[in-house]
Amino acid sequence: MTDSAFGEEWVRGPDGMLRRDGARIVLFDDADRVLLLRGHDVDDVDRHWWFTPGGGIGPGEDARTAAVRELTEETGIQLEPSDLVGPVATRSAIFDFAREWVRQDEVYFTARIQAPHELDSSGWTAVERRFLDDQRWIAATQVRTLPE
């Protein structure tokens, strides 16, 4: 497997594992819905999962700036870094994707918007277009009942 399934912010660590620093937003609307994206593994189109908007922290970016940039790219929703609350959580996630184990060290923020915006996928990168399937507002109480 080549690194082509991954963006340029992914780098190989000394252990050979691809890794990156990431920033994510748990975004709520005034109806207490949360915005989630649905993707699939590029090497297993039947393997899906839901996740929050976000992605890699680019060179020279801080986590807040990266989180709002990723939100805009992935959904068309524009926020300012000062609109974010947090960080509210951090995690180091090791997961398999594209037949490779990778690690992402993530910082999570929250934010709330008054009314849901129309979601726009025109900012998806070529890499995102390979694995992103859907984006939608989901009632926070229903997140645990999602099939993936």
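By this note's numbering, the letter at position 117 of the sequence shown is numbered 454, and the numbering carries on one by one without gaps.
Heads up, the beta-carbon is just placed ideally off N, CA and C, and yes, glycines get one too.
As the structure is a prediction and not an experimental result, all values here were calculated from the model.
About 5 Å separates the Cβ atoms of D420 and A448, confirming a contact at the 8 Å cut-off. Under the three-state reduction of DSSP output, P418 falls in the helix class. For the 8 Å CB-CB criterion, G460 and T409 form a contact. For F468, the secondary structure class from DSSP, reduced to helix, strand or coil, is helix. For R406, the enclosing alpha helix (DSSP H) covers residues 400-412. The C-beta distance from V480 to V371 rounds to 6 Å, short enough to meet the 8 Å contact threshold.
DSSP lists D442 as the bridge partner or partners of S429.
In the structure shown, T447 falls within a strand segment according to DSSP collapsed to helix, strand and coil. In this chain, the beta strand (DSSP E) harbouring F365 covers 355-365. Spanning the alpha carbons of A426 and R401 requires a straight line of approximately 13 Å. DSSP links R473 through a beta bridge to L373.
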